[in-house]
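Notes for the one structure printed next.
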Amino acid sequence: METTQLDILRAVDALFDQETEFLAELVRYPSLRGKETPAQEFVADVLSERGFEVDSWNLDVDEISGMPGFSPVHAAYDDAINVVGTLRSDTRRGRTLILNGHIDVVPPGPLEMWTHDPFTPTIDGGWMYGRGVGDMKAGLTTNLYALEALRTLGKRPAADVFYQSVVEEECTGNGALACLRRGYRADAALISEPFSESLVAAQVGVLWFQVRLKGRPTHVAYAGSGANAIEAAIPLIAALHEMEHDLNTAARRHHAFADDEHALVLNIGKIHGGDWASSVPAWCTFDVRMGLFPGQSVDELRARIESVIHDAARKQPFLADNAPEIVYDGFAAEGYALSDDTTANAVSAQNLLKSAHRAATGQSLRHTAITATTDARFFGLYAGTPALVYGPHAEAIHGFDERVDLESVRRVTHATALFIASWCGLEDDKGHS
Numbered sequence: 059m060e061t062t063q064l065d066i067l068r069a070v071d072a073l074f075d076q077e078t079e080f081l082a083e084l085v086r087y088p089s090l091r092g093k094e095t096p097a098q099e100f101v102a103d104v105l106s107e108r109g110f111e112v113d114s115w116n117l118d119v120d121e122i123s124g125m126p127g128f129s130p131v132h133a134a135y136d137d138a139i140n141v142v143g144t145l146r147s148d149t150r151r152g153r154t155l156i157l158n159g160h161i162d163v164v165p166p167g168p169l170e171m172w173t174h175d176p177f178t179p180t181i182d183g184g185w186m187y188g189r190g191v192g193d194m195k196a197g198l199t200t201n202l203y204a205l206e207a208l209r210t211l212g213k214r215p216a217a218d219v220f221y222q223s224v225v226e227e228e229c230t231g232n233g234a235l236a237c238l239r240r241g242y243r244a245d246a247a248l249i250s251e252p253f254s255e256s257l258v259a260a261q262v263g264v265l266w267f268q269v270r271l272k273g274r275p276t277h278v279a280y281a282g283s284g285a286n287a288i289e290a291a292i293p294l295i296a297a298l299h300e301m302e303h304d305l306n307t308a309a310r311r312h313h314a315f316a317d318d319e320h321a322l323v324l325n326i327g328k329i330h331g332g333d334w335a336s337s338v339p340a341w342c343t344f345d346v347r348m349g350l351f352p353g354q355s356v357d358e359l360r361a362r363i364e365s366v367i368h369d370a371a372r373k374q375p376f377l378a379d380n381a382p383e384i385v386y387d388g389f390a391a392e393g394y395a396l397s398d399d400t401t402a403n404a405v406s407a408q409n410l411l412k413s414a415h416r417a418a419t420g421q422s423l424r425h426t427a428i429t430a431t432t433d434a435r436f437f438g439l440y441a442g443t444p445a446l447v448y449g450p451h452a453e454a455i456h457g458f459d460e461r462v463d464l465e466s467v468r469r470v471t472h473a474t475a476l477f478i479a480s481w482c483g484l485e486d487d488k489g490h491s
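This is the structure in structure tokens:
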């Protein structure tokens, strides 16, 4: 008997309490960078129990460092584990699909600033609270339960599907890159990041760098004979913000961001310096995040940054003879615009997601250009795979009291299941029937 859209929607609803419990369990794992393994082991066990072929491996920098899109990293990858679950099709009549999400979360910050413990999921007023609940454990959950709903109907995709739970998305993206190196390719990718049930048409790239400054220490009684490394950072930061303003001018914008006057954001994310309150500081480092438009070269942006910093440094007597050191560690991510992909697969995938979204929500699918980055670039730029970024509505991601709208999670699960059914087609799940 043919499986209808209504059958699929009802199957998702029947599992939604279970889906909510699964999301809560994921949030209980504090999967900060370098501490993702327990959460990944949980995901691997769940996938294995549900009939996936499970591949779990530790990232190897040597294997991926020469690939396009690699971001430099100085941290150890001794405990950076990716998990991919594969559902194999018997008929292979449809188109293959990657369902991608990341397990890593950003630090919660001071715990006293949270209303509830960030790793104790709490439901209040239709929202679930917790670090990573929106970004993006809800997306990992919608991906899984879209497939699970089909399984309860005795169906599975009529093409191979690769469920990916990756690390490193919040700082390099090297987890998704390692999946490409591992050979996981498909006709399309769906990344369920929390952008409020809209389709991401374009996203900026991100470059991380650190500036290291020297000073000349002395007792503050003789401060005039010293060189304050912390104060020396101030005009350098001002020069970087002037560069930021220039890069955002209308003539330099990608067309998807034509109406956004500040799409490229420069953020001074960390600063350290000095050793003693009564000593002129001999050192200072500050860490910076800078955006770039789709089509803009990371190498060209690096060259611009280095020129700006060194020009500003030459105006300071001590730094003129003690040049700042610039170190790249973390994101070296190009921007990506799905809207620029006119291939048949890209057009078809967007149209089918548009139809699935309307069937699930009764609304037209909105398109948005975001001023952040996701792992979509790896698929879209380096694998010839259109990457659809579409996930539930969340608030305060990376902030205090991060939360996700549970009814939005339900709707996205509806839409994802319908999209899988139309993109991949369906066949009988012999292991379930």
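In terms of this note's numbering, the sequence shown opens at residue 59 and continues consecutively.
No residue lacks a Cβ here, since even glycine has one placed at the ideal position from N, Cα and C.
Predicted, not measured: the structure shown is a model, and the values here were computed from it.
Query raised in the report: Should phenylalanine 437 and alanine 445 be called a contact, given that it needs their Cβ atoms to be closer than 8 Å?
Result: Result yes, Cβ atoms of phenylalanine 437 and alanine 445 sit closer than 8 Å.
Report task. Can you give me the start and stop residues for the beta strand (DSSP E) that tyrosine 221 sits inside? Result -> Note, tyrosine 221: beta strand (DSSP E), 219-224.
Query raised in the report: Below 8 Å between beta carbons: does that hold for leucine 265 and alanine 371?
Result: No, the Cβ-Cβ distance between leucine 265 and alanine 371 is not below 8 Å.
**Report entry** CB contact flag (alanine 247, alanine 287, <8 Å)
**Finding:** No; because the gap between Cβ atoms is not below 8 Å, this pair is not in contact.
Query raised in the report: Is it true that the region 470-487 meets the region 194-211, where meeting means three or more beta-carbon pairs spaced less than 8 Å apart?
Result: Yes, the region 470-487 touches the region 194-211.
Query raised in the report: Mind checking methionine 348: buried by the 16 CB within 10 Å criterion, or exposed?
Result: Burial state of methionine 348 is buried, judged by a 10 Å Cβ sphere holding 16 or more other Cβ atoms.
Query raised in the report: Where do the ends of the beta strand (DSSP E) carrying lysine 328 lie?
Result: 324-331 is the extent of the beta strand (DSSP E) around lysine 328.
Query raised in the report: Between the Cα of leucine 298 and the Cα atoms of Ala314, Ile66, Phe267, which residue gives the shortest distance?
Result: Taking leucine 298 as reference, the option from Ala314, Ile66, Phe267 with the minimal CA-CA separation is Phe267.
Requested in this report: Could you pull out every residue in the same chain whose Cβ sits closer than 8 Å to the Cβ of leucine 169, ignoring the five residues on either side in sequence?
Outcome: Asp175, Pro176, listed in sequence order.
Query raised in the report: Given a threshold of 16 other Cβ atoms within 10 Å of its Cβ, counted over all protein chains shown, does threonine 62 qualify as buried or as exposed?
Result: Answer is exposed; the Cβ neighbour count stays below 16.
Query - Residues bridged to histidine 425 [DSSP beta-bridge criterion] - result: Its beta-bridge partners are Leu257.
Report task. Taking tyrosine 221 as the reference, give the member of Ala296, Val104, Trp172, Ile181 with the closest Cα. Result -> It is Val104.
Query - Short Cβ contact (8 Å threshold) for aspartate 357 with valine 131 - result: Not closer than 8 Å, so no.
Query raised in the report: Hey, how far is the Cα of phenylalanine 458 from the Cα of leucine 411?
Result: When rounded, the distance between both Cα atoms is 32 Å.
Query raised in the report: Between Val141, Leu117, Ile122, Thr95, which lies nearest to glutamate 111 when the distance is taken from Cα to Cα?
Result: Check the Cα spacing between glutamate 111 and each of Val141, Leu117, Ile122, Thr95: the tightest is with Val141.
Report task. Taking only the alpha-carbon atoms, compute the straight-line gap between glutamate 99 and arginine 108 and give it to the nearest angstrom. Result -> Near 14 Å, if we compare the C-alpha coordinates of arginine 108 and glutamate 99.
Query raised in the report: By Cβ distance, which residues of its chain are closer than 7 Å to asparagine 232, with the 5 residues on each side in sequence left out?
Result: Answer for asparagine 232: Leu117, Ile122, Phe128, Ser129, Val131, Glu226, listed in chain order.
Query raised in the report: Where are the alpha helix (DSSP H) runs, 4 residues long or more, that stay fully inside the region 352-413, in chain order?
Result: Annotation: the region 352-413 contains the following complete segments of the alpha helix (DSSP H) (minimum length 4 residues), in chain order: 356-371, 375-379.
Query raised in the report: With contact counted as at least three CB pairs below 8 Å, one residue from each stretch, are the region 208-223 and the region 82-89 in contact?
Result: Counting Cβ pairs under 8 Å, fewer than three are found: no touch.
**Report entry** Cβ neighbours of leucine 423 in the same chain (closer than 6 Å, five flanking residues each side left out)
**Finding:** Cβ-Cβ distances below 6 Å link leucine 423 to Leu257, Lys412, His415 in the same chain, with the five nearest sequence neighbours on each side left out; the list follows chain order.
Query raised in the report: Within 8 Å (strictly less), CB to CB, does serine 254 reach chain D?
Result: Judged by its chain identifiers, the structure shown contains no chain D, having just a single protein chain.
Query - Neighbour-count burial assignment, asparagine 306, 16 or more Cβ in a 10 Å radius - result: With 16 or more other Cβ atoms within 10 Å, it is buried.
Report task. Would you tell me roughly how many angstroms separate the C-alpha atoms of alanine 390 and proline 375, rounded to the nearest one? Result -> When rounded, the distance between both Cα atoms is 32 Å.
Query raised in the report: Given that a residue counts as buried once 16 or more other Cβ atoms are within 10 Å of its Cβ, and exposed if not, what is histidine 320?
Result: The residue is exposed, with fewer than 16 neighbouring Cβ atoms inside 10 Å.
Query raised in the report: How about alanine 216 and glycine 420: are their beta carbons less than 8 Å apart?
Result: Not a contact, by the Cβ cut-off of 8 Å.
Report task. List the DSSP bridge partners of serine 45. Result -> Because the chain in this structure spans residues 59 to 491, residue 45 falls outside the shown range and cannot be described.
**Report entry** Cα-Cα separation, cysteine 229 to glutamate 60
**Finding:** Taking the straight line from one Cα to the other gives about 44 Å.
**Report entry** Backbone CA spacing between serine 250 and asparagine 158 [nearest angstrom]
**Finding:** Per the coordinates, the alpha-carbon of serine 250 lies some 7 Å from the alpha-carbon of asparagine 158.
Query raised in the report: With C-beta atoms as the reference, is isoleucine 57 less than 8 Å away from phenylalanine 344?
Result: The chain is shown from 59 up to 491; residue 57 falls before or after that span and cannot be answered.
Query raised in the report: Going by alpha carbons, who is nearest to arginine 240 out of Leu90, Glu255, Glu302, Gly143?
Result: It is Gly143.
Requested in this report: Please classify asparagine 201: does DSSP put it in a helix, a strand, or coil?
Outcome: Three-state DSSP puts asparagine 201 in a helix.
Query raised in the report: Taking glycine 65 as the reference, which of Gly124, His456, Ala418 has the closest Cα?
Result: Contrary to the premise, residue 65 reads as aspartate rather than glycine in this sequence. From the listed residues Gly124, His456, Ala418, the smallest Cα separation to aspartate 65 is found for Ala418.
Requested in this report: Go ahead and label alanine 290 buried or exposed: buried means 16 or more other beta carbons lie within 10 angstroms of its beta carbon, across all protein chains shown.
Outcome: It counts as buried.
Query raised in the report: Is phenylalanine 437 helix, strand or coil when you go by DSSP?
Result: Look at phenylalanine 437 here: in three-state DSSP terms it is helix.
Query - One or two residues paired with aspartate 526 in a DSSP bridge - result: For the chain, the structure presents residues 59 to 491; residue 526 sits outside this window and is missing.
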